[in-house]
Each structure stands twice: as structure tokens, then as C-alpha cells.
Amino acid sequence: MTITRRRGVLLGATALAVALAATACGSSSSSGGSGKTSSGSAQSATVSDADLQAALTAGGNLTVWAWEPTLKKVVADFQTKYPNVHINLVNAGTGNDEYKALQNAVQAGKGVPDVAHIEYYALPQFELTKSVANLDQFGAASLKGTFTTGPWNAVQADGGVYGLPMDSGPMALFYNQTVFNKYGITTPPATWDEYIADAKKIHTADPTAYITNDTGDAGFTTSMIWQAGGKPYSVSGTNVGVNFAGDAGTAKYATAWQQLIDGKDLAPVSSWSDAWYQGMASGKIASLVIGAWMPASLESGVKTGTGQWRVAPMPQWNAGDKVTSENGGSSLAVMKAGTNQKLAYAFLKYATVDEGAQTRVDNGAFPATVKQLQSPDFLNKTDPYFGDQKINQVLAQSAAEVAPGWSYLPFQVYANSVFNDTAGKAYIGSGSLADGLKAWQDASVKYAKDQGFTVK
Amino acid sequence: MTSQTMKSSRVRTATPPLRAKARRAPHLRRKSVTLTVLCSVMAAYTLLPLAWLAINATKTQQNLFTSFGLWFKGFGFFSNVGSTFSYENGIFGRWLLNTLLYVVVGAGGATMLATLAGYGLAKFDFVGKKAVFAVVIGAVAVPATALAVPTFLMFSKMGLTDTPWAIILPSLISPFGLYLMWTFSSEAVPAEIMESARMDGAGEFRTFFSVSLPLLAPGIVTVLLFNVVTTWNNYFLPLIMLKDQNWYPLTLGLSTWNDQAHTAGGDVVFNLVITGALITIIPLIAAFLLLQRYWQSGLSAGSVKG
Amino acid sequence: MASPPLDLARPGPRRPARRRRSLVGWRFVSPFMALFALVFLAPIGYSIYLSMYKTKLIGGTQFVGLQNYGDAIHDSQFWTSFARVALFLVVQVPIMLGLALLLALAIDSGRLYGAAFFRISVFLPYAVPAVVATLMWSFMYGTQFGLVRDIDKHLGVTLPDPLSPHLILASIGNIVTWEWVGYNMLILYSALRVVNPSLYEAAAIEGAGQFRIIWAIKLPALRPALVIATIFSIIGSFQLFNEPSILKHLAPNAITTYYTPNYYAYSLSFEGQQFNYSATIAIVMGVATMIVAYAVQLRGMRKAV
């Protein structure tokens, strides 16, 4: 309580200044947000921390749609702390399923929750349709330094803040050391060239084993292009550009990855399927290049791997580079059609900044807050699943190295849904990955035009 | 026609099909081993996946991933069942109750409506009768997706989405049930009986309830069972109508648990999905086994009229 | 059945029977029709309405008349999906009904040991929800860690991957057949059960063999039931959705978002928020299905004399 009040006074005094500064900073480097170059100005905070406190004391009902397991404890603790608030935590589906439901509810004008769990790549879509509330009015702009750059930029649009980052997914290489050793790989690959060589090594030694799996995943592909320096998407308001065919980063990635596709060095198993878990459990899938939230899934889904896995930095395109990207990660947003926005924001703040943030990290979430990421407890934590390695040091380092300047489309949810129709063809032997990405580009452009966007 | 009267009399006295068999020429009862073997192959085909389900419901989560699919490894069946019912505060039990609610009200109601309407179509002549049937059968050809979103939008304007009514109301319409009851009524309730009831001064509804209904019993049980299966296994409709997990039926709930494992940060609970799936199908299978007599004779009578 | 007591207060049967019936008939049918109007006709009407508008993310909603239908006719994705279900129909339905027919005849022949067992075991898959059925079969189909791999290992062969792009439609066909063969078998079997036994007696007297009996007695008796089963199977094939949708995450590149017309309509609504075009596709498919089903019925019934 005391901390909030103190902070409240401080923030109240500097809110305006910080908000203006945020606009300036926000428009120069966009990492996952949309429409940075528009002239929308930051709203000044009209609701103070004191107002929020009052709302919490007065209480009320909130409906929260989220699939994130660590939120259960947060909700319980929150209700203990603020007994007049009752929260209905609903798992309305994971990822895309929840977004469909959200869009349907918004369209019908009924059944919209107060708070929704929205991944960074999907947030622009809800910003565009004005379904999520601008949190500047509650003083969110002042939270700039609280979060790491990547996630913070991901929740910005038109100079406003439309969500509070809940977790982040800076990428790293998670590998099964026992399996690597079995095939004579003593140090994890530091560059993509080494990675490709290792992939062939494993698959040649055992045709049923692979360095990793890939059947075409939009999130993975865009994150890889992001790391390679690609900027295929450009967004400013309702003006969008989609260019994979002429993008250098895309070409770099596509050429390299094509070697693995051609050599059949990638396990033909979809991520998050039974076969995927089985593959990791039996050592047939040796590693994953994936976001920092993976340890929780490994620990619950691949129990036989305890002690065998390790975390290494994401392989680089040039030896000695230190560039990574984000894969996944999500925010909590306040829905405009919800009933009690003040209370909803208060919950958001609790869950992502205040006590809730620590609770979630303690339960395995990967933080988006600077405080948790830099805390010695967090960095020095050893994880027995990873052989007592201090994995958070690698992951926090990755978070600091995320390449700036990435944007998602305002209809990324749709674009991702047709990734396998187009680029996915390359994985079943029909054309190259570059061709597939061009086809994806065409499909995205077609949809953009059909939906009234102007396409560069 | 001979067959018609013979069948009507069979239905009226509810003779089990076994007697009919006895009328067949005895020499045709010579059994064939070859035929039995061939049919066994077919039976194996149909039972194999069910065997897989039963066997794998006995495995713990980890054993699932490290064992041969069609044989046992360890025995965790009871712990699986326990976990299935206790996971997430016992929501599986709630899903089971929801399914029962939808089935009893939805399928039960659908059977009543189909029986009434089928009887009406079969026994009475009225303006627009042909149109009614044509429209109903025509509507079956319209894909569920054509109806899904408009129904959803309509229901949400009426405040019905995310409530049991969103599931129950559409379940109350069973075109196949209507068809079945229509054919069954025309065969099973002779015009003479209705005529004599009328002459005794009974109203049509009185006749229906006291005279015709008992005759329609096998058909009603058939339609009821088929509606129960359809409602019990309903997936697409609840998928778009419900967001509150507390109102999910079993199919949707299982699918959610399955999807959970398919996303970052979700709990992996395949063993519960499999055990839950087994628990989901057992009541239906039991119902079919126990009520065999009725629905088989019901289908017989209903299938003659093309 | 005891006759109901005389109700002297009610006017006697002097009213012309026909006029009374025309009201009463509706009273039986109206509960059904009222609900039918709500849950079927109203949404269809709304669907038709939706298909004549277009809502864009930028720009709102406008009336576009028949433009969506024009787009559908020129939509290669739609035609691909249509061709696919047509192919599915032409191959899977005859196979499934053929199997159902053979089974029905076998069980009805009286020459099986334990016919009751076969009758119930073949029918059981009908009681299994599509979600569960697809889950079970997707396990069987696993080449990496499923039954297919186990068979490969034990027999030293390499079976083709059932989930590969050129086999997946057949694999889906297999699941659908598994689910419905028992149900169709039962419809046909029930029709066989009501054949007049005196026909069999006459055949026995003439010394007709099994095949002659099947040809001359059983098949004609089955015709109406076969027509009905065919019509429902055709409608089901055109509406194929459950199995591809559940298998999609296992074969994301083989099963596109426009794999079947129904799935295409679903993707349009729920992934792309293109409700209007989705309604258009659904209506076009509905009309096509009705035409084919009606044609089958006409052709089937004509020979029924």
C-alpha cells in the first residue's frame, strides 16, 4: 500500500512530462507496435493513483479472459488483498481461439470481458478496431521504465498504451545436452552456419533424430526474420506495406533455412503436438530455438528430460553478433466494452507491475519488467531441470539484445492463419521457402486491400 | 398390402424380431465360418481405436509418451479417473452435468417435438403440409456454418449466448427425427384406430396421448436415442456459443484440455484427455446396449417408406 | 386399448371431418415449426442478408448486392475445396455404403456366429464424438511416435505417412467411414428385417440360392433405405468439417484453411472476420447440396416402382 502511495505522488507529478517523452521515444523505435509515425498524441492521465485506490476499495466484479496458468494465483492473492473485488477468471481458449471469441463478442456488443490476455502480435488488431482502451488515461505512460524495451514498444500504438506487458519471450537455444553429446556436439552452435552443420550431423548419424522440428510456424518464421534484420512489415495507421520478396533479412533467413528443408533435417512434427513432446522425451528432437517462456512447458511436458537440458544464447548470423528477437509473449489489455475500466486497470497494474509480477515470476513466468529481470534473486536462480544452470542470466541477456524496429501487421492474426496455406507449401516439397513467403505476402496484401487498407 | 398389415400387427403386439427369424426356412440357418471371419475383421477395425482408448486411459502422462500404443504400461486408471474429476476444481464433473442437462432437455424436447410434428404430418391433411416437409428437409442441406455466425449474432442480441439456452434451443430441432416419426406414425398407427377413437368422441390430442403414443413407443425410443447421441456429441455449436467454461459440455471441455497442451505455457494433460474421452463415451455405449430391443424394431418400421 | 369415455358435452362428429383436420394438423406441427423458424429460418434469412453486404476493417459496412456471389464464382480456393468434397463424395460414399450393405446382408443372412455381437460392435463408433474419434485415429496415423511407426519397426517396412498431403484425404475418408459405417449398416439392416418372410418361404420352395435371394428379394427391399442413406451421406460429405478441423494442427500444410467448403466458410468468419463472404460461401454450398440431394432422390425413387 505504502509503496503505491509514494509512487502515486511521484508519478502524479511527472506524469505529463513522462507522457510527452514517451511519445517522442515511442515513435523512433518500434518493436512490435503499429503505427508509430502517426501524429496521435499521448493522452494525459485523467485518473490518478488515488482514484484507482478508491475503485479498489469500493470493489466490484471483473471478468478476466486469460489462459496463462500463473494468473490463477495472482487472482487469488488480489482478491485476498482487495476483498471487495470479485474476479471471474475464465479460460476462453488459448491464443487464436480466444481472439476469435473476443472478436465475436465485440461485434455482438455482448459478453465482452473487462480484461483480456492478448499476445503482442495480436494486440495491433484490437488496437485498430478500437476494441481495447487507451491506458494513458490511467497514467500508464508513466510505466515506461518499468518494462523492457521490446515488450513496452509492443503495447504502444498511435502514441498510446493499449496493454500492459505480462511476460516476454526473448529467444534462446534450449538444447538437450545429453543428446548433443551423443552425437559429438560438445558446445552448442554459436552461429547459424554451425547450427546447420550440427543439424546435418545429428540427422546423418540417426535418420530418426533431428536438431529441431519445423512444419512451418508463422510466429517462428517472423521471429527468425526479425533477428536476421528483416523488416518486411511497415505500418502507419491504415497504410500498410508487406514485402518479403525484396527484404534482405528475409532472403538471408530463407536461403539458410532452405538448406535444412531440402536436407530433410527438420523433424516433420508440429510444435505443441503429442508427437512433439514425445520427440523431446525420447531424444529425437534435440533442441528448440524458442522464447524464454519455454522452461515451464518443458518442465511439465517433458519430465524425463530433467537435468539434461541447458540454455544457450540464440545462434547468430555473424560470429560475435549480439542480436536476438522476441517470440511470443503477451499483455493484458482493458476492453473498451467492459464495465469497469478503472478497476480493470487497477488489476492490470497489480498483475503486471506490483505484487502480481513477482508472484508470476516465482511460478515460472518470464518477466517483462525491468525490476524482476534485473533482480539478483532472479538472475542467480538455479534451475534443476537445466542441471542447476542459472538460465535467467542467458535469457535476460537475450532480452537486452532484442533488435529494434520490428512491426506486426494490424491483421497479423489473419495473416498467421494463412501462413501454412502459402509459405507452408515449402515444407511439403512444393516450391522454395522464398516462393512461399512471396505467396504469403500476396495473400496478406490481398486481404489488406479487401479490408480497406491502403497498400504501399 | 400384405407386408404392411403383417408389420402393423407385429408392431402392435411388440413382437421381438426373434420370432420373425423363426419363420425363416430352417436350412438357411447353417452357419458359415468364412463369413464370420470376414465380419470379425470388420469388427476388429471398428473396435481397435476403442481398445486403444481403453488401454491408454490406464497410463500416466509420462507413460503415454514412452510406451507402445496398443499395450499396457503401468496401471494408473483409477488415479487418472480421480485426476480427471478433480483437475481444475472438478470442472469435469460440471461438464458432465451440463451434458446431461443439454441431453435431457434438448434431446428429450426434440423427441417430443418431432413426435408431435411427425404424427401431425402423417395423420392429418392440412394446407401447406407438403411445403412444411420440403422446407424442413431442405434446411438439413444447409451447412452448419451458414447458420453458426448468424445464429450467434442473433442469440447475442437476445442475450442468449453463453447460456444453456444457446445450446438447448437449436438442439430441439431434429429433422431426421421428424422424418423418422413421420414414417413410423403412418405405419404404426392405423387410421381405423383413430377413427374409432374419434367416433367415441375423443379429441385429437386425447387420442394421441392415450391411443397413439403407446403404439409409437419403439419409434420414440429410436428417435430419442439418436437425438441423445447427437446432443451428447455436439461440438461445433457449443464451440461458438459458449465462452464460460462452466457451461461447456464434455466434448468442448475435452477439446479445451487438449488445446491447452498445444500452447505455450499450458498444462500438458493428455492422460486426462484420454481418460475423459473414455468416460464420455461409456454412457452412450451403455444406453445403446441396454436399449437395443427398442431402437432396432423402431428403425425397422421406419425404414420401409422411402 | 380401452375406448375413451363418451364426452356428451362435445359436439358429435357431424362437422365435416376434413375441415377439423386442417386446423388440428397444425396444432401438432406448430411447436416444431415455431422453433424451426427461430433456429433455422431466421438465421438462414439473416445469412442471405449478410451475403449482400460487405464489412471492412477500414470503412464499415456497405450494400454490395450480388458482388460476393460473383467473387465466389471466381474464387479458386472455393472451387478447390468444392472439387475436393466432390471427389471425397464419389469415392468415400460408395465404399462406406458398400461395406454397410455387405455387413447388413451378412448379419441378416442368419449364417453368422454371434450376429448380435457384430451388429452392436460395428455400430459402436456412432456413439463416439468426432473429437474423440479423430484423436484416436490421429494417434494411429503417427509415423513418428504412433502406431504406424510401431508397425514399421516391428515388420521392418516403411508405411507411407497417412498424414502426408497426397494421402490425407484418404485418411480422413477412413475416419469418416469408421464413424458411420455402423449407422448406415443399421439403417439397411432394419429395412431387411421387415421383409415379408413369406417371400423367403416362396424362394425356398423354388430352390433359390443365397445370391438369387439377395438379388431378387433383399436388394429391392433395400432400395428406399439405400436412397435415404445415400442422400444423408451426400449431405454429410458436402458438409465435411469436423475431421479436417481437428487434424489441422497435425498436418498444417496439407490441410489448408480452405480444405473443404465448410471449413473455408468457418475460416473466413473466424480467422478473417469476413462474415459476409462466409455467408455467401455457405449459401452457395447449401444450394449445391440441395440440388445434388434432390437429384439423387428423384433418380432413386423413379426406379422404386
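Chains as they are written, first to last, in this note's numbering: chain G, 961 to 1416; chain Z, 645 to 950; chain E, 4 to 308. For glycine and all other residues, C-beta sits at the position ideal for the given N, C-alpha and C. In this text, all values refer to a predicted model and were calculated from it rather than measured experimentally.
Annotated three-state conformation of GLN1349(G) is strand, per DSSP.
Residues of the stretch 266-277 of chain E whose Cβ lies closer than 9 Å to any Cβ of chain G, in chain order: SER270, SER272, PHE273, GLU274, GLY275, GLN276 and GLN277.
Within the model, the alpha-carbon separation for TRP1277(G) versus ALA1159(G) is close to 16 Å. Interface residue (Cβ-Cβ distance to chain Z less than 7 Å): ASN1051(G) is classified as such.
Residue contact with chain E for TYR731(Z): absent (no Cβ-Cβ distance below 7 Å to any residue of chain E). Using beta-carbon distances, SER830(Z) does not count as an interface residue toward chain G, since no partner is under 7 Å. Membership of LYS59(E) in the beta strand (DSSP E) is indicated by the continuous run 56-59. For GLN65(E), the enclosing beta strand (DSSP E) covers residues 63-66. If you draw a straight line from the Cα of TRP140(E) to the Cα of LEU765(Z), it comes to about 42 Å.
Contact residues of the stretch 44-57 of chain E toward chain G are absent (C-beta to C-beta distance below 8 Å).
Beta-bridge partners of ALA1272(G) (DSSP): LEU1133(G). No Cβ of chain E is located within less than 7 Å of the beta carbon of ASP1395(G). When 7 Å is used as the limit between beta carbons, LEU679(Z) is near these residues of chain E: ALA109, ARG114 and LEU115, in chain order.
Contact check for TRP1253(G) against ASP1337(G) fails: the beta carbons are separated by 7 Å or more. In the three-state reduction of the DSSP assignment, GLY720(Z) falls in the coil class. For ASN265(E), the three-state secondary structure derived from DSSP is helix. For the stretch 1043-1073 of chain G, the residues whose beta carbon sits under 8 Å from a beta carbon of chain Z are, in order, VAL1050, ASN1051, ALA1052, GLY1053, THR1054, GLY1055, ASP1057, ALA1061, ASN1064, ALA1065, GLN1067, ALA1068, GLY1069, LYS1070 and GLY1071. Against chain G, the beta carbon of THR260(E) has neighbours under 7 Å at SER1377, VAL1378 and ASP1381, listed in chain order.
For PRO264(E), no CB of chain G lies under 7 Å from its own CB, so it is not counted at the interface with that chain.
Linking ASP1074(G) to THR1414(G) through their CA atoms gives a straight-line distance of about 32 Å.
Chain-order list of chain G residues neighbouring SER727(Z): empty, with the shortest C-beta distance near 14 Å, by a criterion of under 8 Å. DSSP, reduced to helix, strand and coil, places LEU1088(G) within a helical segment of the structure shown. Spanning the alpha carbons of TRP826(Z) and ILE220(E) requires a straight line of approximately 26 Å. By the neighbour-count criterion, in which a residue is buried when 16 or more other Cβ atoms sit within 10 angstroms of its Cβ, GLY28(E) is buried.
Under the Cβ criterion of 7 Å, ASN256(E) is counted among the residues facing chain G. One alpha carbon belongs to ALA1101(G), the other to ALA1065(G), and they sit about 28 Å apart. THR690(Z) reaches chain E at SER124, VAL125, LEU127, PRO128, TRP181 and GLY185, counting residues in chain order whose Cβ is nearer than 7 Å. For PHE1107(G), the pairing in a beta bridge is given by DSSP as THR1329(G). In this structure, the straight-line span from the alpha carbon of TYR56(E) to that of GLN1401(G) is close to 27 Å. Going by C-alpha positions, ALA1208(G) is about 15 Å away from GLY1201(G). Comparing alpha carbon positions, the residue from ASN1056(G), GLY1099(G) and LEU1103(G) closest to LEU1083(G) is ASN1056(G). Between ASN256(E) and GLY1239(G), the gap from beta carbon to beta carbon reaches 7 Å or more. As DSSP reads the structure, TYR1193(G) sits in a beta bridge with VAL1202(G).
By the Cβ test, the stretch 878-893 of chain Z is in contact with the stretch 739-747 of chain Z, since at least three Cβ pairs between them sit closer than 8 Å. The C-alpha of THR1023(G) lies about 48 Å from the C-alpha of GLY1280(G). With its beta carbon less than 7 Å from one in chain G, GLY145(E) belongs to the interface.
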